[in-house]
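Chemist: First to last, the sequence lines map onto chains A and B.
In terms of my numbering, the first sequence opens at residue 6 and continues consecutively.
In terms of my numbering, the second sequence opens at residue 410 and continues consecutively.
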Amino acid sequence: MRTSELIGCEVVDSDGVRVGRVHDIRLEARPPLGASGDPAYRVQGLVLGPVGLAQRLGYGRHDMKGPWPLTVMLRALSRRSYLVPWSDVGELGGKQLNLLRRKTDLVPVRDAQDDGRDSSEADG
Amino acid sequence: MMTRWSERVADINDLLLDRQIFDADGHPVGKVDDLELVDANDGGPPVLSAILCGPMAFGPRLGGALGLWWLSVARRLRPDADPTPVRIPFDQVASVDRKQVCLSTRGEDEGPQRLRRWTRDKIVSKIPGGQS
Numbered sequence: 006m007r008t009s010e011l012i013g014c015e016v017v018d019s020d021g022v023r024v025g026r027v028h029d030i031r032l033e034a035r036p037p038l039g040a041s042g043d044p045a046y047r048v049q050g051l052v053l054g055p056v057g058l059a060q061r062l063g064y065g066r067h068d069m070k071g072p073w074p075l076t077v078m079l080r081a082l083s084r085r086s087y088l089v090p091w092s093d094v095g096e097l098g099g100k101q102l103n104l105l106r107r108k109t110d111l112v113p114v115r116d117a118q119d120d121g122r123d124s125s126e127a128d129g
Numbered sequence: 410m411m412t413r414w415s416e417r418v419a420d421i422n423d424l425l426l427d428r429q430i431f432d433a434d435g436h437p438v439g440k441v442d443d444l445e446l447v448d449a450n451d452g453g454p455p456v457l458s459a460i461l462c463g464p465m466a467f468g469p470r471l472g473g474a475l476g477l478w479w480l481s482v483a484r485r486l487r488p489d490a491d492p493t494p495v496r497i498p499f500d501q502v503a504s505v506d507r508k509q510v511c512l513s514t515r516g517e518d519e520g521p522q523r524l525r526r527w528t529r530d531k532i533v534s535k536i537p538g539g540q541s
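1) Of the residues that make up the segment 13-32 of chain A, which ones have a beta carbon closer than 9 Å to any beta carbon in chain B?
2) Taking the alpha carbon of residue 43 of chain A as the point to measure from, which residue in B:453, B:467 and B:503 has its own alpha carbon closest?
3) Counting C-beta neighbours from all protein chains within 10 Å, is the total for residue 432 of chain B 16 or more, i.e. buried, or is it exposed?
4) Across the segment 14-24 of chain A and the segment 97-116 of chain A, are there enough close Cβ pairs to call them in contact, namely three or more that are closer than 8 Å?
5) Report the residue from B:417, B:421, B:505 and B:440 whose alpha carbon sits nearest the alpha carbon of residue 496 of chain B.
6) Going by C-alpha distance, which of A:8, A:94 and A:85 is nearest residue 114 of chain A?
7) Beta carbons nearer than 8 Å to chain A: which residues of the segment 413-424 of chain B have them?
8) Determine the contact status of residue 469 of chain B and residue 7 of chain A, defining contact as a CB-CB distance below 8 Å.
9) Give me, in chain order, the residues of the same chain whose beta-carbon lies closer than 7 Å to that of residue 4 of chain A; leave out the 5 immediate sequence neighbours on both sides.
10) I'd like to know whether the C-beta of residue 456 of chain B is nearer than 8 Å to at least one C-beta of chain A.
11) Please report how far the alpha carbon of residue 515 of chain B lies from the alpha carbon of residue 473 of chain B, in whole angstroms.
12) Mind listing which residues of the segment 429-447 of chain B have their C-beta closer than 8 Å to chain A's C-betas, in chain order?
13) Inspect the beta-carbon positions of residue 494 of chain B and residue 461 of chain B and report whether they are closer than 8 Å.
14) So if DSSP puts residue 45 of chain A in a beta bridge, which residue, or which two residues, is it bridged to?
15) Please classify residue 512 of chain B as buried or exposed, where buried requires at least 16 neighbouring CB atoms within 10 angstroms.
16) So is residue 477 of chain B in contact with chain A if we call contact Cβ pairs under 8 Å?
17) So which residues on chain B does residue 46 of chain A lean against when the C-beta distance must stay under 8 Å?
18) Taking 8 Å as the threshold (beta carbon to beta carbon), is residue 529 of chain B in contact with chain A?
19) Could you name the residues of chain B that residue 52 of chain A contacts, counting a contact when the two beta carbons are closer than 8 Å?
20) By the DSSP assignment, the beta strand (DSSP E) with residue 103 of chain A in it spans what residues?
21) Can you check which of these residues, B:538, B:501, B:428 and B:485, is closest to residue 465 of chain B by C-alpha distance?
22) I need the straight-line Cα distance from residue 505 of chain B to residue 413 of chain B, nearest angstrom please.
23) If we ignore side chains and look at the alpha-carbon of each, how far apart do residue 482 of chain B and residue 476 of chain B end up?
24) Following the continuous beta strand (DSSP E) through residue 460 of chain B, name the residue where it begins and the one where it ends.
25) Kindly list, in the order they appear in chain B, the residues whose Cβ is closer than 8 Å to that of residue 101 of chain A.
26) Closest to residue 445 of chain B by CA distance: which of A:62, A:91, A:9 and A:106 is it?
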């Protein structure tokens with residue numbers, strides 16, 4: 006599978022409700038070890054939502070700063086993006102990706118970072 | 410855990426896609442146009458197995474009519490009939506950060522140079538003065 010097959014896919018939740026499109030793929034370096042002895046990059050989850058601009062510009066991260074009107078607007082937009090763990094990703098049919106979860110149960114990407122990404126970076 | 414990867418958790422747009430690839434001698438060999446994922450045998454999430462680069466990898470990323478046009482041009486310019494993009498196994502990656510990807514192998518050994526070699530041998534060398 007190529008990442009270009011996932012990026013841009015239309016995503017629907019388990020009830021068939023449109024969630025948005027896949028904007029990014031989050032990787033995590035963890036076992037199994039590759040031939041080099043380093044942990045392999047594995048897919049942690051998909052970043053998706055109705056608008057990908059804020060994510061692409063980096064406003065989904067806490068450390069991103071800029072002119073305050075832009076920061077306020079783009080951070081608000083980034084709150085509409087979700088991080089869906091790979092275990093909640095169902096079938097990919099053509100350019101449509103089905104989730105195993107309802108849209109209302111999805112975690113906004115910034116909240117997911119508070120819970121997982123920042124702590125994992127601190128571990129590393 | 411110290412690894413060759415600058416970040417333990419990162420998004421592919423932030424870390425890899427469109428980054429310049431350098432070989433072991435520091436020569437540029439291409440850009441990261443796409444990534445290959447393979448299913449893990451342990452039932453876990455897919456594993457990043459290779460970097461894909463060159464026009465055959467970039468066309469599908471563009472998508473739509475522009476992507477198809479890009480692919481058709483790439484097929485015509487290909488030095489061989491192989492329709493697959495240039496593939497660099499991730500095991501050959503020495504380090505990754507947000508600015509660049511460095512390989513542990515030399516660029517002459519890599520596929521990204523094949524279009525350059527074909528252009529040099531088939532086109533540039535036939536132009537008067539092109540062999541100097």
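Note that CB positions come from ideal geometry on N, CA and C, so glycine has one too.
Modeler: In terms of the structure at hand:
1) 13, 28, 29, 30, 31 and 32
2) Checked all of B:453, B:467 and B:503; the closest Cα to residue 43 of chain A is B:503.
3) When all chains shown are included, residue 432 of chain B counts as buried.
4) Enough Cβ pairs lie closer than 8 Å, so yes.
5) B:440
6) A:85
7) Using a CB distance below 8 Å, the part of the segment 413-424 of chain B facing chain A consists of 413, 414, 416, 417, 418, 419, 420, 421, 422, 423 and 424, ordered along the chain.
8) yes
9) There is no way to answer for residue 4 of chain A, as the model of chain A reaches only from 6 to 129.
10) yes
11) 35 Å
12) 443, 444, 445, 446 and 447
13) yes
14) A:35
15) buried
16) Chain A contact via Cβ: absent.
17) 414, 456, 457 and 499
18) no
19) 420
20) 101-104
21) B:485
22) 7 Å
23) Approximately 10 Å, taken between the alpha carbons.
24) 456-462
25) Here the premise fails: no neighbours, minimum Cβ distance about 15 Å.
26) Closest in C-alpha terms to residue 445 of chain B, from the list A:62, A:91, A:9 and A:106, comes A:9.
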